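Chains as they are written, first to last, in this note's numbering: chain Y, 1442 to 1822; chain G, 327 to 499.
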């Protein structure tokens, strides 16, 4: 399952892949006509919308690909880098880039591809970028405060708009296809040499319809929560991934000890939780584990998060979900609350395994039973 | 618009292929494609070799140098970036577009074009720092992963472009 970042060690095959990807990037940029500054600038004057076509088609191809690969379980979409937002610096920086685009006629990637085929102006542009970076670095103390302001983190656009990724993808694809159609009409009016004069309209309409249909498919894909829950509930997933179990006696010991470094997360139904609430336990349903509100609470690395279900099954699912969400130091209560109740909370007469610690275990459990039941009684009030 | 434009690839096909390259990069490295980072790395290494003391004491170069030890991802990027001009060269070769040329609007001199190319590049150098990437790294790759930052960058770049395009129309038309 991709991405493979951590596995990238100086393996020569990986470097060849890197070279080939860069090569393909440069090749496609040049073939698209991005090595021509006049063509790039045409976007802003209506005589050539190539940039819009290539740019949006590329973004949507990659977007749809990510979603489909994620759905197929080939790509861990959670592990993909989402560029964080610094709102005001990004708006200001983007505006500066916009002016730079009009004046310079290139952007950094396209200027490299132009330089490779001998466009003289692109060398001036590349030199200019160097000067700009240098100026930024030298005056960094002056604008550091602004540079680091309004940090909002890696926001996802569909989350911020309160819709599913699929719905947003469909809207975006439909918008882009509409924009392609409208800009082709504009372009043909503005210029007799516009590239869209040569387009085969029947084939382009078919492509546009296909793109929108793919968008409809994306809407139908299950949302992330459903997908992750289903993925980790599969027997195969459980076979491939181990969980750390916490024995009932260990949990009892830690509870009796009032150890602050454990956090009990009870994933049972609210009714079950209300009937028997272990000291300090929070009740979180499986689907609620994804919520951002737990970020602060679960992210404490030194605190062991003990997942508690009726038996082990739900707690294991919760364990895998939290693990996927990036939380560490997790454990599943062995045998779930039913085993804990039988062995610790109720006196069922301890039957030892004949080992030499039997007597100590029996004694410990008897004490723990009294203490924890008293704690629960106090908590229940 | 007097000369017949050179034959380029159909833009939708090119966009689709570019999208596949981007997807492949994300699939392998977990990150999209970037371009401005390469110039940044070059400037940092030039400054730190020409004026090592200045670089070490600077609040910009200092942390950058400390954080950028040789990682596998970094050598990956070096190889990826060196592929870009090679690929573009091959493309120019097969499509017969190689040759030293300056492209500009019909109403300006070569020299004017060069001056504005430097200014435009400098604006990209500065703007890409604030926006945390350029058209490819922040806007294109950001949109592909559906990040708010990607869309904000894209809107800011092209929105501003349309606003100021009128004032600089002499450069291009």
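No residue lacks a Cβ here, since even glycine has one placed at the ideal position from N, Cα and C.
Given the structure is predicted, the values throughout are model-derived calculations rather than measurements.
When the alpha-carbon of residue 1689 of chain Y is set against those of Y/1813, Y/1714, Y/1461 and Y/1515, the nearest one is in Y/1813.
When the Cα atoms are used, residue 1741 of chain Y and residue 1721 of chain Y turn out to be separated by approximately 16 Å. Burial is judged here by how many other beta carbons sit within 10 angstroms of a residue's own beta carbon; residue 1698 of chain Y has fewer than 16 and is exposed. In this structure residue 1651 of chain Y is exposed. Its beta-carbon is surrounded by fewer than 16 other beta-carbon atoms within 10 angstroms.
Annotation: the stretch 1547 to 1620 of chain Y contains the following complete segments of the alpha helix (DSSP H) (minimum length 4 residues), in chain order: 1549 to 1557, 1561 to 1579, 1581 to 1588 and 1598 to 1602. A straight-line Cα-Cα distance of about 24 Å links residue 1466 of chain Y and residue 448 of chain G. Residue 1724 of chain Y is bridged by DSSP to Y/1707. Annotation for residue 1492 of chain Y: the continuous alpha helix (DSSP H) segment containing it runs 1491 to 1512. At least one CB of chain Y lies nearer than 8 Å to the CB of residue 366 of chain G.
CA-to-CA, the gap between residue 1782 of chain Y and residue 1693 of chain Y works out to about 11 Å.
Classified as buried, residue 498 of chain G has 16 or more neighbouring CB atoms from the shown chains inside 10 Å of its CB.
Nearest CB-CB separation between residue 1660 of chain Y and chain G: not below the 8 Å threshold.
Fewer than three Cβ pairs drawn from the stretch 1759 to 1769 of chain Y and the stretch 1778 to 1795 of chain Y lie within less than 8 Å of each other, which leaves the two stretches out of contact. An exposed status is given to residue 376 of chain G, since fewer than 16 other beta-carbon atoms sit within 10 Å of its beta-carbon. Secondary structure note for residue 1533 of chain Y: it is in no beta strand (DSSP E), and the uninterrupted alpha helix (DSSP H) holding it is 1528 to 1545.
In this structure, residue 1476 of chain Y and residue 1528 of chain Y do not form a Cβ contact; the two beta carbons are roughly 33 Å apart against a cut-off of 8 Å. For residue 1520 of chain Y, there is no enclosing alpha helix (DSSP H), as DSSP marks it with neither H nor E. Residue pairing of residue 1772 of chain Y in beta bridges, as defined by DSSP: Y/1747. For the pair residue 1615 of chain Y and residue 1659 of chain Y, the CB atoms are not nearer than the 8 Å cut-off.
A contact is defined here as three or more CB-CB pairs under 8 Å, and the stretch 1798 to 1816 of chain Y fails this definition with respect to the stretch 1453 to 1466 of chain Y.
Residue 445 of chain G is classed as buried because its beta carbon has at least 16 other beta carbons within 10 Å across all chains shown.
For chain G, the residues of the stretch 1457 to 1471 of chain Y that bring a beta carbon within less than 9 Å of one of its beta carbons are 1457, 1458, 1459, 1460, 1461, 1462, 1463, 1464, 1465, 1466, 1467, 1468, 1469, 1470 and 1471, in chain order. Neighbours of residue 435 of chain G in chain Y, taken as residues whose beta carbon is under 7 Å from its own, are absent, since the nearest beta carbon is some 12 Å off. In the structure shown, residue 384 of chain G adopts coil according to DSSP, grouped into three states. For residue 444 of chain G, the nearest CB of chain Y lies under 8 Å from its own CB, placing it at the interface with that chain.
Where residue 367 of chain G is concerned, the enclosing alpha helix (DSSP H) starts and stops at 362 to 376. In this structure, residue 1779 of chain Y sits near residue 1751 of chain Y, with a CB-CB distance shorter than 8 Å. At a cut-off of 8 Å between beta-carbon atoms, residue 1524 of chain Y makes contact with chain G.
Within the DSSP secondary-structure output, residue 427 of chain G pairs in a beta bridge with Y/1560.
Pairwise C-beta distances place the stretch 426 to 438 of chain G out of contact with the stretch 334 to 353 of chain G, as fewer than three of them are shorter than 8 Å. As for any alpha helix (DSSP H) of minimum length 4 sitting wholly inside the stretch 1655 to 1692 of chain Y, the runs are 1665 to 1674 and 1676 to 1681, ordered along the chain. Taking a C-beta cut-off of 8 Å against chain Y, the contacting residues of the stretch 374 to 390 of chain G are 384, 385, 386 and 387, listed in chain order.
With its beta carbon at least 8 Å from every one in chain G, residue 1619 of chain Y lies outside the interface. Shown here for residue 1549 of chain Y: same chain residues with a beta carbon closer than 7 Å to its own, the five before and five after excluded, namely 1570 in chain order. In the DSSP assignment, residue 445 of chain G falls within the unbroken alpha helix (DSSP H) covering 436 to 456. A Cβ of chain Y is located within less than 8 Å of the beta carbon of residue 429 of chain G.
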